[in-house]
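Report on one structure; see the data block that follows.
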Amino acid sequence: MSDLTRTTRQRLDEIERELEQLRAQREDLRARWETEKLHIKTIRDLKSQIEDVKHEAAEAEREGDYGRTAELRYGTLLDLERQLAEANQQLMTLQQGSALLKEEIDAADIAEIVAKWTGIPVQRMLETERTKLLTMEDRLHERVIGQQEAVVAVSNAIRRSRAGLQDANRPIGSFIFLGSTGVGKTEMARALAEFLFDDEHALVRIDMSEYMEKHAVSRLIGAPPGYVGYEEGGQLTEAVRRRPYSVVLLDEIEKAHPDVFNVLLQVLDDGRLTDGQGRVVDFKNAIVIMTSNLGTEVMQDRLLEITEDNRDTVMSEIRIEIVDILRKRLRPEFLNRVDEVILFKPLVPSEIHKIARLQLDAVAHRLKDLGYGFQVTDECLDWLARRGYDAQYGARPLKR
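Per the numbering used here, the sequence shown starts with residue -18, numbered consecutively.
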């Protein structure tokens, strides 16, 4: 017998043993399910009998048959209630740890179903929202390294909205993120999605460079009746209609056609948008984030000046120039409806070092799922941080 045949036979035997174990587990679960089902049926029958006896006792009392009333209330009814208590206790003992069946659904079951259907984090948001909002900066900094001012600005805007200080008819928050590539703008959007909606994939990302032509606006909200693509819905409206609790990320907003800004004005002002099929899409539970590369050349020209000591001073000067460019390119009525214009700072070597640690932790987690493990020395981490540091491209070379 060849080595290949022997290996194949061994693997086949292992699979057979695994199948046998799974069959045994299935039978155990089926037997437990049948037992729980029988107990629940017994409890329902006893409850039904109790209601019938109560009704019969009330009828006997109205007819003046007090002997029959006493017999039912202090004899039959008490005996049934005792049996019901015993049956409930037996079911609780049987379901210790976990339950396959429930006699009736409760608020937690409904919350779980609603969360699955809509993507709304019903359980976690209702239970711990106040605590989460108070520690929002710490939670965001777990993923977004550096960018203290950006994290604080976003956190304050979200807290104002949640506290009811903002117009309820507008989105939860609207931001314009400025800054060079690889400094954490997209990561901030993902971190917000995970923080508020418990899912970093609750992110609607649209590249606005695809909407440079006037006719492309219809792709955002959907084509009107009679046009090609009418039934498909808009790229923006359909995504938010299906998942109203999400972060909308509009990349390179400055490249969009001016008519796109008319559409976005309605979103930022009224918190709603009517799609091509006449349906009103609600944006009041969404966060709108727009990124822009305007002023990037100003940032690039002064990158070599920036150090950990003078970064705040230089960035204040750069911000004045970039915001001036932004005001010249975007309409005042549009900028006035944005909650915050946030400038992301270039990363410095110490922050790249922290990002390297986060990236390695993510790799270790993926390898652990595959049954592998690895350790990285401080010297290796320092080497990766040095090799991955690029003032112009931020943390992107490190990730590659």
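Idealized CB from N, CA, C, for every residue including glycine. As the structure is a computational prediction, the values presented were derived from the model and not from experiment.
- Message: Are the CB atoms of residue 158 and residue 270 within a distance shorter than 8 Å?
- Response: If you check the CB distance, residue 270 and residue 158 come in under 8 Å.
- Name, in chain order, the residues that DSSP records as bridge partners for residue 188. DSSP output for residue 188 lists 232 as bridge partner(s).
- Under the assumption that residue 283 contacts residue 326 (Cβ atoms under 8 Å), give the Cβ distance between them as a whole number of angstroms. Actually they are not in contact, since the Cβ atoms of residue 283 and residue 326 sit about 12 Å apart, beyond 8 Å.
- Rounded distance between the beta-carbons of residue 257 and residue 394, thought under 8 Å: The requested residue 394 does not occur in the structure, where the chain is confined to residues -18 to 381.
- Within 10 angstroms of the Cβ of residue 66, are there 16 or more other Cβ atoms? Answer buried if so, exposed if not. Its Cβ having fewer than 16 others within 10 Å, residue 66 is exposed.
- Query: Thinking C-beta only, is residue 58 closer than 8 Å to residue 401?
  - Reply: It is not possible to answer for residue 401, since the shown part of the chain is limited to -18 through 381.
- Query: Does the distance from the C-beta atom of residue 276 to that of residue 265 stay below 8 Å?
  - Reply: Contact flag unset, no.
- Using beta-carbon positions only, say whether residue 184 and residue 227 come within less than 8 Å of one another. Contact: yes.
- Message: If the criterion is Cβ atoms closer than 8 Å, does the pair residue 96 and residue 323 meet it?
- Response: Not in contact: residue 96 and residue 323 (Cβ atoms no closer than 8 Å).
- Under the three-state reduction of DSSP, which class applies to residue 154: helix, strand or coil? In the displayed model, residue 154 falls within a strand according to three-state DSSP.
- Message: What would DSSP say about residue 362, mapped onto helix, strand or coil?
- Response: Collapsing the DSSP output to three states places residue 362 in a helix.
- Pick out whichever of 268, 135 and 259 has its Cα sitting closest to the Cα of residue 178. The closest CA to that of residue 178, considering only 268, 135 and 259, is found on 268.
- Roughly how many whole angstroms lie between the Cα atoms of residue 83 and residue 245? Approximately 47 Å between the Cα atoms of the pair.
- Hey, residue 72 and residue 21 are a contact pair by Cβ (cut 8 Å); roughly how many whole angstroms apart? Indeed, because the Cβ distance is near 7 Å, the residues count as touching under 8 Å.
- Assign residue 116 to one of three DSSP states: helix, strand, or coil. DSSP, read as helix, strand or coil, puts residue 116 in coil.
- Message: Please report the distance separating the alpha-carbon of residue 336 from that of residue 222.
- Response: Distance between the alpha carbons of residue 336 and residue 222 is about 35 Å.
- Which one of 43, 154, 33 and 36 has the shortest CA to CA distance from residue 318? Among 43, 154, 33 and 36, the Cα nearest to that of residue 318 belongs to 154.
- Proximity to residue 364 [Cα-Cα], best of 330, 344, 350 and 343: Closest option to residue 364, judged by alpha-carbon separation, among 330, 344, 350 and 343: 330.
- Query: Nearest-angstrom Cα distance between residue 87 and residue 192?
  - Reply: Rounded to the nearest angstrom, the two C-alpha atoms are 47 Å apart.
- Message: Assuming residue 253 is part of the beta strand (DSSP E), what are its boundary residues?
- Response: That run of the beta strand (DSSP E) goes 253 to 255.
- If we ignore side chains and look at the alpha-carbon of each, how far apart do residue 112 and residue 64 end up? Separation of residue 112 and residue 64 (C-alpha to C-alpha, rounded to the nearest whole angstrom) is 45 Å.
- Query: Quick one: is residue -7 buried, meaning 16 or more other Cβ sit within 10 Å of its Cβ, or exposed?
  - Reply: Around the Cβ of residue -7, a 10 Å sphere holds fewer than 16 other Cβ atoms; the residue is exposed.
- Comparing the C-beta of residue 76 with each C-beta of chain B, is any distance below 8 Å? Among the chains of the structure shown, chain B does not appear; only one protein chain is present.
- Message: Per DSSP, what are the beta-bridge partners of residue 123 in this structure?
- Response: Beta-bridge pairing by DSSP links residue 123 to no other residue.
- Between which two residues does the beta strand (DSSP E) containing residue 272 stretch? Residue range 268 to 273 is occupied by the beta strand (DSSP E) that includes residue 272.
- Message: I'd like to know whether the C-beta atoms of residue 249 and residue 313 end up nearer to each other than 8 Å.
- Response: No, they are not a contact pair.
- Item | Residues near residue 300 in its chain [Cβ-Cβ closer than 8 Å; skip 5 each side] | If we look at residue 300 and ignore the five residues flanking it on each side, its Cβ neighbours are 324.
- Task: Would you mind working out which of 343, 274, 334 and 213 sits nearest residue 311, comparing C-alpha positions?
- Result: Among 343, 274, 334 and 213, the Cα nearest to that of residue 311 belongs to 274.
- Message: Please classify residue 272 as buried or exposed, where buried requires at least 16 other C-beta atoms within 10 Å of its C-beta.
- Response: Classified as buried, residue 272 has 16 or more neighbouring CB atoms from the shown chains inside 10 Å of its CB.
- Do you know how far the Cα of residue 80 is from the Cα of residue 60? When the Cα atoms are used, residue 60 and residue 80 turn out to be separated by approximately 27 Å.
- Do residue 232 and residue 180 have their CB atoms nearer than 8 Å? No, Cβ-Cβ distance for residue 232 and residue 180 is not below 8 Å.
- Beta carbon of residue 243: closer than 7 Å to some heavy atom of the ligand NAD? Summarising the ligand content, the structure contains no ligands, and the ligand NAD is consequently not present.
- Message: Which same chain residues end up closer than 8 Å to residue 367 when comparing Cβ atoms and leaving out the 5 residues on each side of it in sequence?
- Response: So the list reads 330, once near-sequence residues are dropped.
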